[in-house]
Structures are given as C-alpha cells and as structure tokens.
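Numbered by mature numbering (1 follows the signal peptide of the UniProt record, and there is no 0), the letters in the sequence shown go through residues -27 to -1, 1 to 403 in order.
Built from N, CA and C at the ideal position, the CB exists for glycine as well.
Working notes for the structure below.
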Amino acid sequence: MSVLHQQKRTTRLCVALAVAGGMLAIAACGGGSGSGGDGKVTLRVSWWGDASRDKITEQAVALFEKQNPNIEIKSSYSDWGSYYDQLTTKVAAGDTPDVFAIEIRKLGEFARRDTLADLKGLVNTADLDQKLLTSGVVDGTQYGIPTGANAFAVMANTSVFKKAGVPIPDDSSWTWEDYQKVSAELGAAGGSGIYGTQLNFNDAFLKVFAAQHGEPLYKDGKFGVSAGTLADWFQLSVDMIKAKGSPDANLSNELGSDSIEQSLIGTNKGGMGMYWTNQLSAASTASGGQIDLLRMPRDAGATTGGMFLQPTMFWAVGAHSKQQKAAGKLVDFLVNDPQAAKILGSDRGLPMNSKVLAEIRDSLPAADQASLAYVDKVRTTLADSPTAYPNGAADIPDMLQRYGQDVISGHKTPEAAAKAFLKEADSTLS
C-alpha cells in the first residue's frame, strides 16, 4: 500500500472519529507514530480481505480508538494473494505489525520463528470457546486468538433445485454416491448452462473426506492422507464430470479461481458447491435467493462425518512489538466487545464469545442466523478443531488444486497424481 493511500485511509478514519467522538476523537488522530511525549501509543495493524471487510474492520477500529483515545491505529490491508508476501517482507525487515491476521496454515510456521507473542494475560479468554481456542496454541503457548468459527458445508441454491424439479437432498444420511446422483439430476433437468455442482479441491474438503477413512490431514509434521484415499478423492471429481453432474474440465478449471460471487451457485447456474459458512452471506447476496447449508456427504460405511469447526483466522501480536499491552487490548476488543461483534458480523467467522453471541444473536443478519443454526445442528457430531499445521502447509491448497486440475484434464490418473502429490508434499512440509 502506498504512503498516499495510507494517509488517505488515516484521514478518512479521523473524519469518522471526529463525527462520532468530537474533539476527543480529533485529538486521537494527532501526532506521529510510536509512543510520543503526549503518552499516545500507535499500533500498526494488518489484515487481508476485500473492500467490504476493510470497511467494517475500519469501523470497528474507529470505535476502539474512540474508547481508547490514547491509542492510535495505523491500518493496512491487502488482497489475499499478496498478503503473506507483504507480511513476510515486513517480518524480514524487522517491521512486523503490532497486530495482524494470520490463518491456521501459517500460524505454526510464524510461531516457531519467534514472530508471535505469547497472548496469555494480554487477552481475556474466559468466555471464548475453549476447544476452538486451543487451535491457536503452538507448542503449549497461545500465539493466536481465533477471530471466529467456520464450518465447511455444501451450499444448495434452492431456486436452481426448484426450477429443475429436484428436491433438496436429506443431508442427514446422504453419501458421495447420492451427491453425484443429485448433481447429475440437476444437470439433466436444469437446462442448458445449468450444472449440478462445482468441483472443489479445497484442503478442508480433503480433511473431511480423509477423516471418513480414518486418516488425518496431517500427522507428526507430515501429510497424513494415504495415496489410496487421496486417489479416491481425486476420482470423485472425475466421476462427477463423467456423470455430467459438473462442468467439463475446461470450465471447472476456469471456475476454480473465481470468487463465490462468480461461482455457479452465486450466478444461479449451479445447484451446489462447497464453501465455508462465513461465505453464506456473499453467496446469498450474489444469487439474490435462498442458499441452504447442508452437511457434507459421507463415505458409505464411514463411522464419522469428518466435519469440524475451524477458526476462520487468528489475531496475533508481534513478538517484538513494544506495545504488546495495547495490542492485546485491541485484540481483546475485537473478540470480546459486543459492539465490535455487531459491526464485524460473521465476516471472520461466527463470534466465539458465548456472552457476546447471546447478546447479539437476534440482531444478526439472516445469513448469520442461518449459519448459527447450521452449526448448532451439527455441533454434537463435529470432530475436534484442528491445531497448527506444519511449516509449508500454506502451499498445500495450491498443490491440491494443481494436481486436481491435472487429473480432471486427463494429464494424470488419480493414482499417479496422488503419488506425485505426496512426494512433493514430503519435500514441502517441515
């Protein structure tokens, strides 16, 4: 982000604060960076996301500054594709932000490199979901505070089902074979340009599928899925195309990089797709209709559905920040304050503070209400939340996408792709 852009963002924030808080807010925008003679503390805060996430985060930050006039926030955000490159560059230059967002694939790597501060005592965690909280622990230390909870689900575009005359499936007992059958029925009955489902090579999908086969995604710092299970997972997509339940390889590969707004369910061209629950609002808005959340199908004979709650992302504090107390105060506000929760909604996952959730639940938008109802419905069947992944795990999703696309394009058999992927994963993870 350019200096000019940052100055404009700070100016916008100061104007918002002046309107909301009068002269006290104006005073909060004065001065330079660091801890000056006036006792003001400056926190540098970074996150990734789109313009809508930036907007609501700035609103929450402005409220924090209004409540804490001695703390000034200098914020920056970028899109997902460039976020870690920028963050890594800052860390290498000794310019790590005081507070920043991080996801589970990178949490362990950053923690083990002495980049993250121990958050014990800095953030009140008494009312947070204790099982989900453990996801932010690396080697016994609380390095990350989850921003909220997510579950991976099948989203069903009800208007596509209705127009095709196909009933929404019973997700309490359906199998992958049922999923393929329903997708093929939608494709056949929906008409030209309508498809049953959009293919997906997300590692969360693989985690669910592998758990149904009794295998973890990671084990002892290595990839935990066997070649046979991985090949079966790739085969699902091959079979879906053969059954005409999804677009052909060319269109599927093109769709693979699109946002949910441009997905098949988002554009009303597909009946189903797999996404995180915090994406329900975006999918509903894009489609203009009702999107239902369904449980993930399971393998016939599986003893577990493999579904789980995962932190959408974490808030972390820089290990060498000179303002850790103030940084902890900001993180505490973002996860524990009801007013902040109302502003942020489920963009970074469903709130994980039980008291906050009870207070704001009835005022949440319809999509958030639906996500909460879904999580409540499946909660008793969920596996434990994941813990920090091995170093290099952030590269795994792109690898799965690449090998999956090779498989459906006919460049590799599922078996050959599984073998090659595991070899590459072994050299990537550490």
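- Following the DSSP letters along the chain, one finds Asn41 in no beta strand (DSSP E), marked with neither H nor E.
- Counting only residues of its own chain and dropping the five nearest sequence neighbours on each side, His293 has a CB closer than 7 angstroms to the CB of Thr69.
- DSSP places Tyr362 in no alpha helix (DSSP H); its state is neither H nor E.
- Taking C-beta atoms under 8 angstroms as the contact rule, Val155 and Gly169 qualify, at a distance of about 7 angstroms.
- The continuous beta strand (DSSP E) containing Arg17 extends over residues Val14 to Trp21.
- Judged by DSSP secondary structure, Met128 falls within the beta strand (DSSP E) whose first and last residues are Ala122 to Asn130.
- Residue burial annotation: Gly365 is buried, with at least 16 other C-beta atoms found within 10 angstroms of its C-beta.
- For Ser257, DSSP records no beta bridge to any residue.
- Look at Asp265 here: in three-state DSSP terms it is strand.
- Cβ-Cβ separation between Leu266 and Thr277: approximately 19 angstroms, too far for a contact (criterion under 8 angstroms).
- Measuring C-alpha to C-alpha distances from Ala255 to each of Lys192, Glu332 and Asn130 identifies Asn130 as the nearest.
- Taken through DSSP and simplified to helix, strand or coil, Gln115 comes out as strand.
- If only complete runs of 4 or more residues are kept, the segment 304 to 362 shows the alpha helix (DSSP H) at 311 to 317, 327 to 333 and 339 to 351, in order along the chain.
- In the displayed model, Gly243 falls within a strand according to three-state DSSP.
- In the same chain as Lys315, and ignoring 5 residues on each side of it, the C-beta atoms closer than 7 angstroms to its own belong to Ile333 and Ser336, in chain order.
- Straight through space, the alpha carbons of Gly229 and Gln103 are spaced by roughly 35 angstroms.
- Counting the other Cβ atoms within 10 Å of the Cβ of Lys295 gives fewer than 16, which makes it exposed.
- DSSP places Leu89 in the strand class (E or B) of the three-state scheme.
- Residues of the same chain with their beta carbon placed closer than 6 angstroms to that of Val110 are lacking, with the five preceding and five following residues left out of the count.
- Shown here, Pro370 sits in a helix according to DSSP, grouped into three states.
- CA-to-CA, the gap between Gly246 and Ser260 works out to about 13 angstroms.
- For the 9 angstroms CB-CB criterion, Gly291 and Thr61 do not form a contact.
- Following the DSSP letters along the chain, one finds Thr62 inside the alpha helix (DSSP H) bounded by residues Trp53 to Ala65.
- Out of Ile118, Lys93 and Leu307, the CA that lies nearest to the CA of Leu105 is found in Ile118.
- For Ala84, same chain residues with a beta-carbon under 6 angstroms away, outside a window of 5 residues either side, are Val111 and Tyr116 in chain order.
- In the three-state reduction of the DSSP assignment, Lys298 falls in the helix class.
- Ser225 is not a Cβ neighbour of Gln374, given a cutoff of 9 angstroms.
- Look at Ser146 here: in three-state DSSP terms it is coil, with no helix or strand label.
- Pro142 and Glu158 have their C-alpha atoms roughly 12 angstroms apart.
- For Val211, the uninterrupted alpha helix (DSSP H) segment begins and ends at Ala200 to Lys215.
- Following the DSSP letters along the chain, one finds Phe281 in no alpha helix (DSSP H), marked with neither H nor E.
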